[in-house]
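Numbering-wise, the sequence shown is residues 6 to 369 according to our numbering.
Here is the structure we will look at, set down as structure tokens.
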Amino acid sequence: MSCTAKRNPGDVTVLGIETSCDETAAAVVRGGRHVLSSVVASQDELHEEYGGVVPEIASRAHLERIYPVVQHAMEQAQIGRDGIDAIAVGHRPGLIGSLLVGVAAAKALAWAWERPIIGVDHIVAHLHAVSLDTAREPEFPAIGLVVSGGHTSLFAMRSALEVECIGRTIDDAIGEAYDKAAAILGLGYPGGPRVDSRAQRGDDRAHDFPVARLEPGSLDFSFSGLKTALLYAVRGTPTGRGAGATFERDATRLTGPQIDDLCASFQKAAVGAVMLKLDRAIGQRREAGGEMIRSIIIGGGVSANTRLRAEAQALADRLHMSLHLPAMTYCLDNAAMIAGLGCLRLEAGLVDDLSLTASPAGLY
Ligand code: KG4
Ligand code: ZN
């Protein structure tokens with residue numbers, strides 16, 4: 006495969022493609038952080054009536070949208086194929102049918118344009134989102150936290166490319182818990198932003214929902230107990246088990262202020278759980294006497310959450326550490342984070358070839 010003219014480090018320009026779930030996205034990023042374009046075609050309206058993402062519908066929609074979305078990203082960046090040094094694609098983890106569309110499109114472009122292809126891990130890319138469109142670079146070593154619809158994971162980070170997972174959820178991801186909470190409360194899909202905005206009007210002391218601690222010292226997360234506690238608070242204790250269980254009450258009987266209070270109490274417990282483990286992870290590293298942790302890096306859809314952003318800032322201030330959160334547009338799935346991390350991989354010589362495969366399972 007022929008390579009492009011050598012550019013100065015900091016000038017490499019990468020086209021990124023992201024199709025891991027229900028957003029079809031393409032972006033052009035220069036030097037790892039200057040976003041020249043970022044296009045995201047959301048499929049929310051296609052999945053809303055089902056209350057969650059339907060994989061077959063998602064992959065078909067990606068297929069219809071991928072070409073116009075890439076074309077739009079190239080036009081918005083005012084760049085031609087000669088200006089692109091490599092094609093990066095989110096190739097794991099995610100819905101396999103969705104990932105395959107992005108990987109096939111990236112391979113076709115890499116082959117036709119004679120450029121390297123770079124497979125990027127979607128979860129690690131969420132952490133890189135904090136470096137997009139800002140001059141504020143995180144210092145390493147750092148502790149990373151990914152809070153998304155599919156993941157709740159803690160990382161020890163030596164650099165944006167060298168990450169080690171030190172904690173993960175043992176059941177639901179936090180974003181998934183938010184979406185299920187919204188479904189229980191009849192707020193629709195996607196639930197996270199709706200629960201967040203209702204929570205701001207509610208009283209977070211109205212219900213005492215559990216914060217899962219797990220074993221002493223554990224850096225893992227659990228959100229299924231919180232989800233069940235919310236369900237019981239809304240509908241009463243069930244009689245019978247499983248699909249045959251009957252509840253005392255119906256969710257539709259809740260008043261607006263009652264929903265606000267439930268959202269606020271749920272949010273307090275959900276955010277409290279991640280802050281507890283983030284604080285614990287930093288404490289453990291400090292006690293171990295290793296190299297000083299310099300920054301806290303948070304990414305993923307739930308990093309858009311109002312309370313999480315405020316509590317993370319309070320924690321960082323208390324620990325005298327710098328906090329790095331993505332700009333709101335880069336919290337949710339996007340291709341700029343894929344292209345940005347793709348630039349760093351290209352500069353480090355970490356490129357793939359046309360044998361790159363999509364993988365539904367993640368490493369973290
Ligand atoms: O990172 P993301 O776009 O997709 C995955 O990689 O999963 O995250 C989507 C998740 C959804 O569960 C959505 O409900 C949640 O992020 N989310 C929020 C907020 N905005 C999005 N959760 C809580 N508060 C928000 N403001
Ligand atoms: Zn994501």
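Cβ coordinates follow ideal geometry from the N, Cα and C atoms, glycine included.
Remember, it's a predicted structure, so these values are computed and weren't measured experimentally.
Nearest to residue i by CA position, among the options, is which residue?
i, options, result
"R285", "R350, D201, G222", "G222"
"I89", "L51, E28, R314, G36", "G36"
"M79", "S43, A111, I343", "S43"
"V106", "S364, I179, L68", "L68"
"S133", "L324, D322, R38", "At residue 133 the sequence reads His, which differs from the Ser that was named. The option with the nearest alpha carbon to H133 is R38."
"R299", "N13, E316, G149, I84", "G149"
"V151", "A309, D176, I128, I171", "I128"
"F440", "D87, S229, I301", "Nothing can be reported for residue 440, as the shown portion of the chain is limited to 6 through 369."
"Y194", "A110, G57, G306, V17", "G57"
"T334", "V19, G99, T139, E54", "T139"
"G288", "F214, A321, S229", "A321"
What residues in its chain sit with their C-beta under 6 Å from that of residue i, if we drop five residues either side in the sequence?
i, result
"S164", "F145"
"G15", "G36"
"H212", "A238, S270"
"L359", "K112"
"Y183", "G196, G197, V200"
"I343", "G21, E23, A93, G95, V125, A130"
"R206", "D265"
According to DSSP, is residue i part of a helix, a strand, or is it coil?
i, result
"F160", "strand"
"R38", "coil"
"C170", "strand"
"D138", "coil"
"S300", "strand"
"T244", "strand"
"V129", "helix"
"V59", "coil"
"S370", "For residue 370 there is no data in the structure shown, the boundaries of the chain being 6 and 369."
"H325", "coil"
"I101", "helix"
"L20", "strand"
"A353", "coil"
"S202", "helix"
"S308", "helix"
"T260", "coil"
"H96", "strand"
"T251", "strand"
"G124", "strand"
"I287", "helix"
"G149", "strand"
Using a Cβ-Cβ cutoff of less than 7 Å, which residues in the same chain neighbour residue i once the five nearest sequence positions on both sides are dropped?
i, result
"L349", "G37, A165, L166"
"G318", "A small fix is needed here, since residue 318 is Gln in this sequence, not Gly. So the list reads L328, once near-sequence residues are dropped."
Take residue i and list the residues in its own chain whose beta-carbon comes closer than 8 Å to its own, dropping the five residues that flank it on each side.
i, result
"S7", "Only weak support is given to the placement of S7: the predicted model assigns it a pLDDT of 41, under 50, and the value that follows is read from those uncertain coordinates. Contacts found: E119."
"R173", "H156, T157, S158, L159, D225, F226, Y369"
"R314", "S308, L330"
"E181", "G154, G155, F228"
Quick test of your reading: residue i and residue j, contact by CB under 8 Å. State the CB separation rounded to the nearest angstrom.
i, j, result
"L328", "A275", "No, L328 and A275 are not in contact; Cβ-Cβ is about 19 Å, not under 8 Å."
"V59", "H52", "6 Å"
"S25", "L100", "7 Å"
Looking at C-beta atoms only, is the number of pairs between the segment 181 to 190 and the segment 198 to 218 that lie closer than 8 Å three or more?
-> yes
Count the C-beta pairs between the segment 237 to 255 and the segment 106 to 121 that are closer than 8 Å, then say yes if the count reaches three, no if not.
-> no
Residues proximal to ligand 4 by C-beta, any heavy atom closer than 5 Å = Inclusion of ligand 4 in the displayed structure is not the case, the ligand content consisting of ligand 1 and ligand 2 alone.
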